[in-house]
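A.B. asks: Residue numbering for the sequence shown is 476 to 727, as defined by our numbering.
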Amino acid sequence: MFLSELTWQEVDRLDRDTPVIVPVAALEQHGLHMPVFTDSLLLDAIIERAHPSFKDSALLLPLTWLGNSHHHLDFPGTVSAEPRLWIDMLMGLVDNFITHGFRRIVVINGHGGNDVPGRQAMFETRQHYRERKDLLLLFATYWSLAQPTQGSIADLEQDKMGHACEWETSMILHLRPDLVKQHDAVKAVSQSGSFEPAQRAWTMLDRSQTGHIGAPAKASARKGEDLLDLFSRGVSDLIQRVIRWNGESWEE
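Shown next as structure tokens:
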């Protein structure tokens, strides 16, 4: 069910165990070859593919395109909320639905920079309602819900998500090839971390002068279609698990 298409009375008649799905993404630079709306375009497409599996049993909010993208601010076109502001915004959005009586709220994320503040927002919200035993508050980034296994997608070279990389470029090539500019001429930028397993703080310019990480030249529309199908199944599977939850136990 699309929240945007319902009246408040129709929302009020919903069972409060109906999962509320909150998609969040970003508007930020994606290298020399990709549009700034990449993350939002991709999450929208993934949710759209997953939607038929839960369209009558979950409430879907419109996508929130404003993300936490401060590490991309050296590149014009990036729009970002301060991390604390973004945490408070997401907490307020989730709290709206708790106030209306809903008990199962799932944030589906499409931007890596939202991951840490998004998990913090859900953690803080849970502490605010610490006496409640009936709440299920989840935050999930779509590419963490399903991962390609070796050989499952032919010729896929990257084994993890980058930025404006083989994975993202492939998916946009499938959805909107008109928005991709000469990706096959873009040189790869290493995805390896620094000082692992420690988590190093970084801005994009620390790692890439062009604004991408990974190997966009390896992208293809065929790989993109397979990745979109994989990730949409991951989202669908998570929502079905939320629907099946008994409403009180720690385990599913």
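Heads up, the beta-carbon is just placed ideally off N, CA and C, and yes, glycines get one too. The model shown is predicted, which means the values in this text are computed figures rather than measured ones.
1) Return helix, strand or coil for Leu613, following the three-state DSSP convention.
2) Could you please give the first and the last residue of the uninterrupted alpha helix (DSSP H) stretch that includes Pro558?
3) So, helix, strand or coil for Leu541, using DSSP?
4) How should Asn589 be labelled, buried or exposed, when 16 other C-beta atoms within 10 angstroms of its C-beta is the threshold for buried?
5) Using the rule of at least 16 other Cβ atoms within 10 Å of the residue's Cβ for burial, across every protein chain shown, is Glu503 buried or exposed?
6) At 4 residues or longer, what runs of the alpha helix (DSSP H) sit wholly inside the segment 624-705?
7) If distances are taken between C-alpha atoms only, which option among Ile688, Thr678 and Glu523 comes closest to Asp549?
8) Looking only at C-alpha atoms, which of Thr539, Ala694, Tyr604 and Arg605 sits nearest to Trp561?
9) Name the one or two DSSP bridge partners that Pro498 has.
10) Between which two residues does the alpha helix (DSSP H) harbouring Ser724 extend?
11) Would you be able to state if there are at least three C-beta pairs under 8 angstroms between the segment 665-678 and the segment 714-727?
12) For Leu535, I'd like the list of residues in its chain whose CB is within less than 6 angstroms of its CB, leaving aside the five on either flank, ordered along the chain.
13) Rounding to the nearest angstrom, what Cα-Cα distance links Asp514 and Thr553 in this structure?
14) For His505, which residues does DSSP report across the bridge?
15) Taking contact to mean at least 3 C-beta pairs separated by less than 8 angstroms, is the segment 595-604 in contact with the segment 632-640?
16) Are the Cβ atoms of His546 and Val655 separated by less than 7 angstroms?
17) Pick helix, strand or coil for Asn577, following the three-state DSSP scheme.
18) Between the segment 480-491 and the segment 517-526, do at least 3 Cβ pairs fall closer than 8 angstroms?
19) For Phe477, write down the residues that DSSP places opposite it in a beta bridge.
20) Does the structure place the segment 607-618 close enough to the segment 681-690 that three or more beta carbon pairs sit under 8 angstroms?
21) Per DSSP, what are the beta-bridge partners of Val554 in this structure?
22) Taking the alpha-carbon positions, what's the Asp492 to Pro551 distance?
23) Which one of Arg559, Ala500, Val511 and Thr644 has the shortest CA to CA distance from Val582?
24) Taking Cβ positions, are Gly585 and Leu517 nearer each other than 7 angstroms?
25) Is the beta carbon of Ala694 sitting closer than 7 angstroms to the one on Leu648?
C.D. replies: In brief:
1) strand
2) Pro558 to Thr574
3) coil
4) buried
5) buried
6) 641-650 and 679-682
7) Thr678
8) Thr539
9) Ile583
10) Here Ser724 belongs to no alpha helix (DSSP H), and DSSP marks it neither H nor E.
11) no
12) Phe477 and Ile496
13) 12 angstroms
14) Met509
15) no
16) no
17) Here the sequence assigns Phe to residue 577, which means Asn is not the residue at that position. Residue state, collapsed to three classes: coil.
18) no
19) Leu535
20) no
21) Leu502
22) 43 angstroms
23) Ala500
24) yes
25) yes
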